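All remarks here apply to the structure that follows.
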Amino acid sequence: MEAAAIGNLIAAQRPGFCLEQVFYRDPDIYARDLERIFLNAWLYAGHASQVPEPGDYFLFEFATESIIVTRDREGALHALVNVCRHRGSRVCLTGKGRARRFTCPYHGWTYGADGTLLAATQMPEDFDKGSYGLKRVSLRLFHGLIFVNLAPDPVPFDTIEAEMSAGLSPYRLDRAKVAHAADYPIAANWKLAVENYCECYHCRPAHPEYSRAHALAAPPAQWQKDLERVKARAAEVGLSTDFVDHAWLDADAFGTERQFWRYPLLHGHQTGSRDGEPVAPLLGELTGYDGGATDIQIGPVLFGLAYCDHVVLYRFTPVAIDRSVCQVSWLVNEDAVEGRDYSVEELTWLWDVTTQADKTIIENNQKGVNSRFFEPGPLSNMERFENRFVRWYLAAVT
Ligand code: FES
Ligand code: FE
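Numbering of the sequence shown is given in our numbering, commencing with residue 5 and proceeding in unit increments.
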């Protein structure tokens with residue numbers, strides 16, 4: 005699609021309305037999404053606890069790309085492009101494991117955990133192994149969270165670091181572990197999945213379990229008083245009520261979207277669980293429950309919800325134009341013991357049932373959007389973040 009054609013589509017987009025069908029269906033636009041957004045932004049790859057020992061690795065994959073996140077012998081982390089420097093085969097085929105070296109399954113070129121090419125048989129004498137290590141992309145470790153950026157010259161991570169560190173510190177996510185992670189494949193364009201995450205207009209009809217406890221399911225006027233109570237108590241238990249709101253706002257800060265704000269849980273809930281009771285030990289340095297939860301966003305497609313006893317992370321990645329994956333990770337203190345301090349079933353219950361429901365509504369949304377009769381409708385007051393997302397998205401792909 006010509007730039008002018010995209011420009012016309014963007015100009016025709018009605019303010020305050022959801023996106024036109026073409027943005028979810030056109031292969032050129034999908035390619036542009038990958039190019040402009042996913043190949044340029046800081047993306048959450050995983051948690052440091054998933055590669056605790058030298059030689060540990062896992063794959064972070066989306067659309068056509070595959071990155072091997074490794075820990076080398078010295079303990080340093082690397083983000084290596086999983087494309088053989090010989091003829092381009094995937095080098096690593098298993099999603100996670102421990103390996104001193106990676107041997108390409110095609111012709112056997114062998115790479116170290118830092119990407120160095122160690123061996124390649126039958127090559128001419130003047131072959132310079134030093135020039136054919138695996139390519140690498142930028143990696144940033146932030147409070148135990150591993151972010152990668154595939155751009156040659158990434159946007160600085162510093163603004164995220166400067167604004168988000170104080171709020172995240174008390175949770176000590178650098179000393180947390182992934183108690184459970186699950187992939188939820190969604191038969192829908194990635195934007196429909198992210199848009200759904202950005203608004204809670206759907207929470208009442210779609211998420212009765214979530215709506216019992218979370219104020220965002222109700223209009224703000226109903227919970228402002230509760231917010232004051234939570235703020236006062238948050239300070240007592242060692243939590244920050246820092247308010248950071250750069251979600252979908254600054255086109256010039258593209259790729260470093262960030263958000264951090266605490267809001268109340270309802271009806272005496274202490275955490276996001278089946279009955280509102282804790283499902284894991286208090287996180288990090290917290291000394292009690294304040295009856296609140298913090299919404300987090302880092303970069304365009306990583307969202308989180310920090311309760312006092314666990315943190316849930318949601319990462320959205322595209323697979324194809326009409327398919328995406330929501331990966332949900334549940335973090336608890338690294339020394340918490342399954343069976344004694346938490347049960348995976350109870351820990352994951354709320355956000356498993358909620359994400360299953362989201363998968364269904366997002367897929368139904370895609371089916372309707374595919375119809376020749378689909379026409380974008382107006383957004384409600386409870387969809388202001390989606391409205392921001394739409395504007396941000398249009399600026400990002402312009
Ligand atoms: Fe990897 Fe040939 S493509 S060794
Ligand atoms: Fe939802």
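Note that beta-carbon positions come from the ideal geometry of N, C-alpha and C, so glycine has one too. Computed from a predicted structure; not experimentally measured.
Excluding the 5 residues flanking it on each side, Gly101 has same chain C-beta neighbours closer than 7 Å at Tyr61, in chain order.
Sixteen is the threshold: when 16 or more other Cβ atoms of the shown chains lie within 10 Å of the Cβ of Tyr267, as they do, the residue is buried. For Tyr201, the enclosing alpha helix (DSSP H) starts and ends at Trp194 to Cys202.
The beta-carbon separation of Ile302 and Arg262, rounded to 6 Å, stays under the 8 Å limit for a contact. Inclusion of Val159 and Val305 in the CB contact set at 8 Å is not warranted, their separation being larger than that value. DSSP lists Phe66 as the beta-bridge partner residues of Glu69. Taking a cut-off of 7 Å from the heavy atoms of the ligand FES, the residues with a C-beta inside it are Cys88, His90, Arg91, Gly92, Ser93, Val95, Cys108, Tyr110, His111, Gly112 and Trp113. Counting every other CB atom within 10 Å of its CB across the protein chains shown gives Val373 a total of 16 or more, marking it as buried. Comparing C-alpha distances from Thr291 to each of Thr321, Arg75 and Pro174 shows the shortest one belongs to Pro174. Taken atom to atom, the span from the alpha-carbon of Asp162 to that of Met127 is near 43 Å.
A distance criterion of 7 Å places the beta-carbon of Thr358 in contact range of the ligand FE, judged by its closest non-hydrogen atom. Taking 8 Å as the cut-off, the beta carbon of Ala35 is found no closer than this to the beta carbon of Val323.
Counting only runs that start and end inside the stretch 306-366, the beta strand (DSSP E) elements of at least 3 residues fall at 306-310, 315-324 and 327-337. Taking the Cβ atoms as the reference, Thr275 lies roughly 42 Å from Ile14, outside the contact range of under 8 Å. Taking Leu196 as the centre and dropping the five residues before and after it, the same chain places the C-beta of Ile366, Asn369 and Gln370 closer than 6 Å to its C-beta, in chain order. The ligand FE approaches Asp362 closely enough that one of its heavy atoms is under 7 Å from the residue's Cβ. Judged by DSSP in its simplified three-state form, Asp299 adopts strand. For Tyr136, same chain residues with a beta-carbon under 7 Å away, outside a window of 5 residues either side, are Arg89 and Leu121 in chain order. Straight-line spacing of the CA atoms in Phe131 and Thr114 works out to 15 Å. The beta carbon of Leu43 is closer than 7 Å to those of Leu154 and Ala155 in its chain, skipping five residues each way along the sequence. Arg327 and Pro189 have their alpha carbons spaced roughly 7 Å apart. His51 is the residue among His51, Pro380, Val329 and Gly11 whose C-alpha sits nearest the C-alpha of Ala183. Taking a cut-off of 8 Å on C-beta distances, the stretch 382-395 touches the stretch 10-30, as three or more cross pairs fall below it. DSSP places Tyr267 within a strand segment (E or B) once states are collapsed to three.
Asp32 sits close to Met5, with the two beta carbons spaced by under 8 Å.
In the DSSP annotation of this structure, the continuous segment of the beta strand (DSSP E) that includes Asp249 starts and ends at Val248 to His250.
Segment contact: the stretch 76-85 against the stretch 347-366, fewer than three CB-CB distances shorter than 8 Å; contact not assigned.
Note on the stretch 51-139: whole beta strand (DSSP E) runs with a minimum of 3 residues are 60-66, 69-75, 81-85, 100-102, 105-107, 114-116 and 121-123, in chain order. Within the same chain, and ignoring the five residues on either side of Ser244 in sequence, the residues whose Cβ sits closer than 6 Å to its Cβ are Ala170 and Gly171. Judged by their CB atoms, Thr352 and Tyr214 are not nearer to each other than the 8 Å cut-off. The Cβ neighbour count for His271, taken over all protein chains shown within 10 Å, is under 16; the residue is labelled exposed. Relative to the Cα of Glu390, the nearest Cα in the group Ala251, Ala340 and Tyr346 belongs to Ala251.
Close CB contacts of Gln360 within its chain, under the 8 Å cut and outside five residues either way in sequence, are with Tyr188 (chain order).
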